[in-house]
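Q: Residues 1 to 213 (UniProt numbering) make up the sequence shown, in order.
Virtual Cβ for every residue (Gly too), placed ideally from N, Cα, C.
Sharing a structure here in structure tokens format.
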Amino acid sequence: MKKETYGVIGLGRFGSVLAKELIDQGKRVIISDIDEEAVKELQDYADFAYILDSTHTTALKEAGYANADVVILSIGENLESSILTFMALKEIGVKNIIAKANSSTHGQILSKLGVNKVIYPEKESAKRLAKILITNPNFEIIDLSANTIKVAKLLIDENLAGKTLQSIGQNLKVIAHKQNDVWSIMPNLDNTAYLNDILMLLGTQEELNQYEY
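Here you go:
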């Protein structure tokens with residue numbers, strides 16, 4: 001029987017406790033953090049330990065995250081890093097992603113982007129989650145309550161084709177651009193959008209309403 005592999009990105013209090021629990025359960029575990037000291041605390045216990053920038057797809061792929069059965073994204077303090085890491089994980093083909101969120105706004109954004117499950121943990125809930133992961137690997141999307149910050153997927157039509165991402169986004173934040181079936185994370189806003197491209201936009205409901213036609 002194939003041994004399941006779990007990836008943990010971000011080794012703060014929650015991430016480190018979760019990683020330890022998974023290791024204690026005998027699972028193959030990949031851990032990483034941009035902080036060298038955080039990685040050193042667990043490198044002797046995990047199967048694979050890396051100091052890396054998790055927003056870089058190449059680094060994630062080389063670390064083996066593309067082959068993980070489940071990846072837990074435990075970056076709750078930096079919203080932009082959390083979003084970019086999620087997009088990078090999707091780009092390398094990770095199917096099951098659980099993400100930690102420190103606020104309902106953060107969770108709402110991750111849920112809209114397609115995270116399989118969003119959690120708001122404390123230390124003890126990390127231990128419970130480890131047991132849930134092992135006994136029930138099927139995850140459902142949590143329906144979070146509405147919030148002022150939204151993420152929208154915009155298909156470029158004839159009215160928008162030929163414009164720069166900057167002019168389309170205006171006051172919004174363009175977090176991803178799909179062109180010719182290739183996603184670019186945090187794209188150059190001087191790039192031109194063409195017919196049937198897709199943009200992921202971050203902003204308030206009021207700001208996004210301009211595209212509801």
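Measuring alpha carbon to alpha carbon, tell me which residue in V39, V174, T192 and A161 is nearest M186.
A: In the sequence shown, the residue the question calls residue 186 occupies position 186. The candidate whose alpha carbon is nearest that of M186 is V174.
Q: Check whether the segment 79-86 and the segment 103-123 are in contact - that is, three or more C-beta pairs closer than 8 Å.
A: yes
Q: Mapping the DSSP letters down to three states, classify L201 as helix, strand or coil.
A: Along the sequence shown, read from residue 1 onward, the residue named residue 201 stands at position 201. In the structure shown, L201 adopts extended strand secondary structure according to DSSP, grouped into three states.
Q: Which value, in whole angstroms, describes the spacing of the CA atoms of S176 and G64?
A: Residue numbering aside, residue 176 sits at position 176 when the sequence shown is read from its first letter. Residue numbering aside, residue 64 sits at position 64 when the sequence shown is read from its first letter. Rather than Ser, the amino acid found at residue 176 in this sequence is Ala. Straight-line Cα distance between these residues: approximately 23 Å.
Q: Assuming S54 and V8 form a contact by the criterion Cβ under 8 Å, report the distance between their Cβ atoms to the nearest whole angstrom.
A: By one-based count along the sequence shown, residue 54 stands at place 54. By one-based count along the sequence shown, residue 8 stands at place 8. 11 Å between Cβ atoms; not a contact.
Q: Measuring straight from C-alpha to C-alpha, what distance separates V29 and S103?
A: Here the question's residue 29 lines up with position 29 in the sequence shown. Here the question's residue 103 lines up with position 103 in the sequence shown. Using only the alpha carbons, I get a separation of about 27 Å.
Q: Check each candidate in V151, I198, V71 and N196 and name the one with the smallest Cα separation from residue 216.
A: The requested residue 216 does not occur in the structure, where the chain is confined to residues 1 to 213.
Q: H56 and L79 look like a contact to me (Cβ under 8 Å); what is the Cβ gap, rounded to whole Å?
A: The count along the sequence shown starts at 1 and reaches residue 56 at position 56. The count along the sequence shown starts at 1 and reaches residue 79 at position 79. That pair is no contact at about 18 Å.
Q: Do the CB positions of A59 and L52 come within less than 7 Å of each other?
A: Here residue 59 refers to the residue found at position 59 of the sequence shown. Here residue 52 refers to the residue found at position 52 of the sequence shown. In this structure, L52 lies closer than 7 Å to A59 by Cβ.
Q: Opposite I9 in the DSSP bridges: which residues?
A: Indexing the sequence shown from 1 puts residue 9 at position 9. For I9, which the question treats as bridged, DSSP gives the partners S32 and L73.
Q: On a CA-only basis, which of V71, D44 and D197 is nearest A99? Give me that one, please.
A: To locate residue 99, count along the sequence shown from 1; it is residue 99. Nearest of V71, D44 and D197 to A99, Cα basis: V71.
Q: Whole angstroms is fine: what's the gap from L189's alpha carbon to Q25's?
A: Taking the sequence shown and counting its residues from 1, one reaches residue 189 at position 189. Taking the sequence shown and counting its residues from 1, one reaches residue 25 at position 25. Near 46 Å, if we compare the C-alpha coordinates of Q25 and L189.
Q: At the level of alpha carbons, what is the spacing between G203 and I109?
A: Looking up residue 203 in the sequence shown gives position 203. Looking up residue 109 in the sequence shown gives position 109. Looking at the two C-alpha atoms, the distance is approximately 10 Å.
Q: Compute the Euclidean distance between the alpha carbons of I31 and Y6, then round it to the nearest angstrom.
A: Numbered from 1 along the sequence shown, position 31 holds the residue referred to as residue 31. Numbered from 1 along the sequence shown, position 6 holds the residue referred to as residue 6. Approximately 9 Å between the Cα atoms of the pair.
Q: Does the Cβ-Cβ distance between M87 and K153 come in under 7 Å?
A: Residue numbering aside, residue 87 sits at position 87 when the sequence shown is read from its first letter. Residue numbering aside, residue 153 sits at position 153 when the sequence shown is read from its first letter. Not closer than 7 Å, so no.
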